[in-house]
Amino acid sequence: MNFVNTHNFNAAFGAHTYGNYIIKPWCWSDPSPTPDDAKFNVYLADMKYSNPVYTTGPPSATVGYTVRGGADDWYYNDSTHAGHHIMAMTPETDALSFWPPQSKIIPLAEGMLFNNTYMSLIGGPYVSYLSANTNQPSYTPGSSGTYKVRFQNKGTLAANNTHIILTPANPNLTITTQQYNYNMPVFGSDIANFIFTVGGAAANNCYLPATLTFKQDTTTVYSIGVFIQVGTAAATNVLTDNAGSFTNWTAGGTAATWNTSTTQFNSAPSSFSESPTGSYANGVDLTMTLTNSINVSVSPVVSLTFYHRYALENNYDYSMVEVSSNNGNTWQPVAEYTGTNTTWTQVTLDITRYANRSTQMKVRFRVVSDAGTTGDGWYVDDIAINTYCTGLITGIQGNTNIPERFALEQNYPNPFNPATVIKYQLPKASNVKIRVFDLLGQEVAKLIDGNIEAGYHQVEFNGSDLASGLYLYKIEADGFTDVKKMMLVK
Ligand SMILES: [Ca+2]
Ligand SMILES: [Ca+2]
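Here it is in structure tokens:
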């Protein structure tokens, strides 16, 4: 306690085993919530999202613990140490036992990584993304719209000099005011309303990229690619799996039980399940992870579609879809399900924000159970991942992945009218020329001529002032040359 009395810290994290509860302090004037109870409930909800099996109790409950003056509440104004207002949460772990076996220690510690990080973030100013949306689903070339971003300072200190910035990454996207500035009180929330115009030359079947950045003073605290849909975007399928075999996936977690199952299916003869026959067990955390990562850096708009049915103990056992942007090192929950739905149902999830222009995106399906009651489990079938074209990206911020070799890709779409996208990759910064020629060898367009940084790039070619026919496009970069054909059909 002397340590607490003599230090000025405002967030603390504790943990102990048994119960899968997240415990928040109560006021020492027992039994009542602390004056910060609304904030605790936000923290509690955010932490629960990282692991849905955590039981948080009713809004002002601490799951039956007596805390007045006890060891559990010295964080916050206990009867012998009045005046402390430390934001503290104590997750309990392992639903089945005190003193979990060694084999469970690492998974338990991994399960608390998010909470540890979270508590360190709320110790200062912490402007966090809440949601964003455009004022209509899609735009025609030449039209205007708004992109609305909601955010909140969830930190325990004021977030002065907060900057919300939306930077266009395509010449066909214009944003009137790219930066708004805020002084945010503790738990203050606000909305930034960006007005944009889609250029008349934008391809009518692509997304236009921009980068959304949150800065506190000059430090970037959040950066993500956002995309404005123009016209009807054409999908490119990068994964389909009808669960005929388990070859695309790796089973893991507390036991490697995920596999194909003939018990249920959407398309005969099989689907995927964490318990291919019978029910899942108590106290498990079972994952089915895409073995090979997918590079979505050049087509960053991504959707995940699947069919599923499930029978899970309602509000105690959960199935989750998670996406990793770093080859499975960390995961973000995208959707979760509990209870019973025994009708095969199709789900389509926009996972663009979670994939965040990754060169190594992975997807996993996860079932987590607590103690006590079990169920038949989760069946997943006919999984598909689609990507969508995006306009020229002039610089991918936050992407440090560098390709191993020079490459020029086939344009997409092809044939095209009037615009198409040409992707290329550079293992190092190079002086790059990309030119378009007709069949007589006459240059008809110069798309790139200058120094370009290493990375994955793409450029848009618009043939609206050219005649139908076959054209050649050529890259020259640091001694590397390649030529490909494309067909303009009007
Ligand atoms: Ca199937
Ligand atoms: Ca259960």
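When you read off a place in the sequence shown, starting at 1, and then add 233, the result is the number in our numbering. By construction, the Cβ of each residue, glycine as well, lies at the ideal position given by its N, Cα and C atoms. Quantities reported herein were computed from a predicted structural model and do not represent experimental measurements.
Just the C-alpha distance for residue i and residue j, rounded to the nearest angstrom, thanks.
i       : j       : result
Lys-666 : Gly-375 : 29 Å
Glu-325 : Ala-271 : 21 Å
Ala-501 : Ser-512 : 21 Å
Asn-664 : Gln-335 : 55 Å
Phe-246 : Ala-321 : 6 Å
Tyr-362 : Phe-447 : 9 Å
Val-360 : Ala-392 : 7 Å
Asn-394 : His-541 : 46 Å
Val-419 : Asp-269 : 11 Å
Ser-456 : Ser-557 : 16 Å
Ile-397 : Thr-573 : 41 Å
Gly-357 : Asn-650 : 52 Å
Ala-278 : Arg-599 : 19 Å
Asn-559 : Tyr-706 : 33 Å
Asn-349 : Pro-285 : 16 Å
Asn-405 : Val-431 : 6 Å
Ala-443 : Val-534 : 12 Å
Ala-434 : Glu-693 : 10 Å
Gln-411 : Pro-401 : 8 Å
Ile-635 : Asp-671 : 32 Å
Glu-555 : Thr-563 : 10 Å
Trp-482 : Met-345 : 25 Å
Gln-593 : Ala-488 : 25 Å
Tyr-645 : Lys-718 : 11 Å
Phe-347 : Tyr-587 : 15 Å
Glu-709 : Ala-678 : 14 Å
Leu-354 : Phe-713 : 46 Å
Asp-583 : Val-529 : 13 Å
Pro-660 : Arg-638 : 5 Å
Could you check what DSSP says for residue i in three-state terms: helix, strand or coil?
i       : result
Thr-323 : strand
Val-296 : With a pLDDT of 49 at Val-296, under the threshold of 50, the modelled position of that residue is not reliable, and the figure given next carries that caveat. In the structure shown, Val-296 sits in coil (DSSP, three-state: anything other than H, G, I, E or B).
Gln-497 : coil
Tyr-362 : strand
Ala-392 : strand
Ser-353 : helix
Lys-448 : strand
Pro-509 : coil
Phe-598 : strand
Gln-385 : strand
Val-637 : In the sequence under discussion, the amino acid at residue 637 is Glu, which differs from the Val named in the question. The answer is coil: DSSP assigns Glu-637 none of H, G, I, E or B.
Asp-614 : strand
Gly-516 : coil
Val-275 : helix
Leu-672 : coil
Ile-629 : Annotation note: pLDDT 39 at Ile-629 (below 50); position unreliable, no value reported.
Gly-302 : Residue confidence is low: Gly-302 scores 47 on pLDDT, short of 50, so the model does not pin down where it sits. No coordinate-derived value is stated.
Phe-242 : coil
Ile-339 : helix
Asn-348 : helix
Ser-558 : coil
Asp-583 : strand
Lys-661 : coil
Ala-443 : strand
Skipping 5 residues on each side, what residues in its chain have a beta carbon closer than 7 Å to that of residue i?
i       : result
Thr-490 : Ala-484, Glu-507, Ser-508, Leu-519
Thr-576 : Arg-542
Ala-604 : Ala-328, Leu-329, Asn-515, Gly-516
Ser-503 : Ala-476, Gly-477, Thr-493, Ser-494, Thr-495
Pro-292 : Confidence in Pro-292 is poor, its pLDDT being 49 and thus under 50, which makes the residue's placement unreliable; the coordinate value appears in the next sentence. The answer, listed in chain order, is Asn-274.
Tyr-351 : Asp-279, Met-280
Who are the Cβ neighbours of residue i in its own chain at under 6 Å, not counting the five residues just before and after it?
i       : result
Phe-427 : Tyr-380, Leu-399, Ile-408
Tyr-287 : Asn-253, Ile-255, Lys-281
Asp-711 : Ser-663
Ala-425 : Val-382, Ile-397, Tyr-413
Thr-367 : Gly-378, Tyr-380
For residue i, collect the residues of the same chain with a Cβ closer than 8 Å to its Cβ; drop the 5 residues on either side in sequence, then sort them by chain order.
i       : result
Asp-700 : It is worth fixing the name first, because residue 700 is Ala in this sequence and not Asp. If we look at Ala-700 and ignore the five residues flanking it on each side, its Cβ neighbours are Leu-721, Lys-723.
Thr-581 : Ser-536, Leu-537, Thr-538
Ala-365 : Tyr-380, Lys-381, Val-382, Arg-383, Leu-445, Val-459
Ala-468 : Ser-536, Asn-619, Thr-620, Tyr-621
Thr-633 : Any reading at Thr-633 needs caution, since the residue's pLDDT is 47, under 50, leaving its predicted position unreliable; the model's value is listed next. So the list is empty, once near-sequence residues are dropped.
Asn-243 : His-318, Ile-319, Met-320, Gly-356, Thr-389, Leu-390
What is the C-beta distance between residue i and residue j, in whole angstroms, given that I count them as a contact (C-beta under 8 Å)?
i       : j       : result
Ala-544 : Gly-610 : 7 Å
Ile-685 : Val-471 : 25 Å between Cβ atoms; not a contact.
Arg-597 : Leu-703 : Not a contact, Cβ separation roughly 44 Å.
Cys-622 : Val-654 : 5 Å
Leu-641 : Tyr-657 : 5 Å
Asn-403 : Gly-696 : That belief does not hold up - the Cβ atoms of Asn-403 and Gly-696 are roughly 18 Å apart, past 8 Å.
Phe-505 : Val-613 : 5 Å
task: Measuring from each Cβ to the nearest heavy atom of ligand 4, keep the ones under 7 Å and list them in chain order.
output: In the structure on display, ligand 4 does not appear, and the ligands it does have are ligand 1 and ligand 2.
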